[in-house]
Amino acid sequence: MARFYIEKLGGIKMAKLVDSKETIAVLQRTNFQFKKQFGQNFLIDASVLDHIISYAKIQKEDLVIEIGPGIGTLTEALCEHAGQVIAIEIDDKLIPILEENLAAKENFRLLHQDVLKVDFTELLKEYPGFSSVKVVANLPYYITTPILLSLLEKKLPLSSITVMVQKEVAERMQAGPGTKDYGALSLAVQYYSKPEIVQEVPPHCFIPRPKVSSMVIHLSIYKESPVECENPEYLFKTIKASFMQRRKTLVNALSAGLSLDKEVIKSVLSALSYPENVRGETLSLDEFAEISDNLDPEWREKQKSVFCRFCE
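Numbering (the numbering used here), first residue to last: 751 to 1062.
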């Protein structure tokens, strides 16, 4: 069985594989082969674990969901602090390793599933007694965006998401209008949460070393989005269309992406005091919400109906 030990690091009680040599020993003993399609890079730096646990503020009242636990290094640390840890792993070869390494943890549950196919609503019904639900994970980089958007869009009762992601993805999530990293992902994440980059993590903190730098980012989930919007679904359609071709003006992008008449778009922009040549990359989330509400065919139809009744 893999050797773990407990130590105090920065005031946080940590449980971890001893070092990179021990991690390699576990992988060699179990004849584990890394799979490129799963984007596997196992964390081996104790100080990074410390930051993740600290920033996520894991407590015994918390239910923690971990995605892609690897051999269980972060999982073991989470079990030391959380009331319950549910780890979701897709790789068949890692299941027996996790079952062995975490066998002594009574607050650990392992799901052998594709995270995008997990029914979280039903899963969480099995754990009604926890004050908060948090996601903490070293996410596979190849599928980071689909996982995050899936978690956010399902409006699960999450209080926070603290994850390791590729550096450029973290920067996109926190980016503001007018910057090169600003786009549909920035707006989606900021609609549902307040993102904050915790720290940059260099390649040498992983086995095998990734070719890119990583970042830990913390998302504080809003109970209700601070953005006023009549139709969030149409808002995200508008945002997606606006960034399909960044160099296009909003008029051209929305005409193509939403199949709207250019004159209709121009009239809405004019009524809201936006220049005709405005581009999506310069607009804030609130501005997108204002424009999408006024472009939404359903909303426009309702306004016509109200006006007609008023005129009768």
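We treat Cβ as the ideally placed atom computed from N, Cα and C, and that holds for glycine.
Just the Cα atoms here: how many angstroms apart are Gly789 and Arg959?
-> 11 Å
From what residue to what residue does the alpha helix (DSSP H) around Pro778 run?
-> The question names Pro, but residue 778 in the sequence shown is Gln. Unbroken alpha helix (DSSP H) run through Gln778: Ser770 to Arg779.
Secondary structure of Tyr970, DSSP reduced to three states | According to the sequence shown, residue 970 is Ser rather than Tyr. Three-state DSSP puts Ser970 in a strand.
With DSSP as the reference, label Glu816 as helix, strand or coil.
-> strand
Where Arg922 falls, given that 16 or more other Cβ within 10 Å makes a residue buried | buried
For Lys1016, I'd like the list of residues in its chain whose CB is within less than 7 Å of its CB, leaving aside the five on either flank, ordered along the chain.
-> Non-local C-beta neighbours of Lys1016 in its own chain, meaning closer than 7 Å and more than five positions away in sequence, comprise Val1001 and Glu1026, ordered along the chain.
Pull up the distance between the alpha-carbon of Glu771 and that of Ala796, whole angstroms please.
-> Per the sequence shown, the amino acid found at residue 771 is Lys instead of Glu. Distance between the alpha carbons of Lys771 and Ala796: 14 Å.
Would you kindly check if the distance between the Cβ of Leu985 and the Cβ of Ala1039 is under 8 Å?
-> With respect to the 8 Å criterion, Ala1039 and Leu985 are classified as neighbours on the basis of their beta carbons.
For Ala832, collect the residues of the same chain with a Cβ closer than 6 Å to its Cβ; drop the 5 residues on either side in sequence, then sort them by chain order.
-> Ile808, Asp812 and Val814
Assign Lys884 to one of two classes, buried (16 or more other C-beta atoms within 10 Å of its C-beta) or exposed (fewer than that).
-> buried
Could you tell me which uninterrupted beta strand (DSSP E) segments, each at least 3 residues in length, are contained entirely in the region 808-854, listed from first to last along the chain?
-> Whole beta strand (DSSP E) segments, 3+ residues: 812-817 and 834-839.
Closest residue to Glu816 among Gln995, Val886 and Ser1020 (Cα-Cα distance) = Val886
Counting pairs of Cβ atoms below 8 Å between the region 820-828 and the region 922-931, do you hit three or more?
-> Contact fails: fewer than three Cβ-Cβ distances are below 8 Å.
Mind reading off the beta-carbon distance from Ser943 to Ile989? Whole number of angstroms is fine, and I expect it under 8 Å.
-> Not confirmed; about 16 Å, so no contact.
Length of the line joining the Cα atoms of Glu903 and Phe870 | 12 Å
Backbone secondary structure at Lys998 - three-state DSSP = coil
So, do the region 841-858 and the region 866-882 have three or more beta carbon pairs nearer to each other than 8 Å?
-> no
Counting along the chain, where does the beta strand (DSSP E) carrying Lys944 start and finish?
-> Ser943 to Val951 is the extent of the beta strand (DSSP E) around Lys944.
Roughly how many whole angstroms lie between the Cα atoms of Glu946 and Leu1022?
-> Their backbone Cα atoms lie some 31 Å apart in a straight line.
So the alpha helix (DSSP H) Ser992 belongs to, where does it begin and stop?
-> Pro982 to Phe993
Which partner residues of Ile893 appear in the DSSP bridge assignment?
-> DSSP, once it has assigned bridges, lists no residue as partnering Ile893.
Is the beta carbon of Ile836 sitting closer than 8 Å to the one on Leu861?
-> yes
Buried/exposed call for Tyr941, threshold 16 Cβ in 10 Å | Around the beta carbon of Tyr941, a 10 Å sphere encloses 16 or more other beta carbons of the protein chains shown; the residue is thus reported as buried.
Whole angstroms is fine: what's the gap from Met764's alpha carbon to Ser804's?
-> The predicted model places Met764 with a pLDDT of 42, which falls under 50 and marks its position as unreliable, so this point remains unresolved.
Contact under 8 Å by Cβ, Thr780 with Ile794 | No. Outside cutoff.
With distances taken between CB atoms, is the gap from Leu1010 to Leu1035 smaller than 8 Å?
-> no
DSSP beta-bridge partners of Gln916 | For Gln916, which the question treats as bridged, DSSP gives the partners Ser964.
State the start and end residues of the unbroken beta strand (DSSP E) segment that holds Ala887.
-> Ser882 to Asn888
Please classify Gln778: is it buried, with 16 or more other beta-carbons within 10 angstroms of its beta-carbon, or exposed?
-> exposed
Measure the alpha-carbon distance for His801 versus Ala775 and round it to whole angstroms.
-> 26 Å
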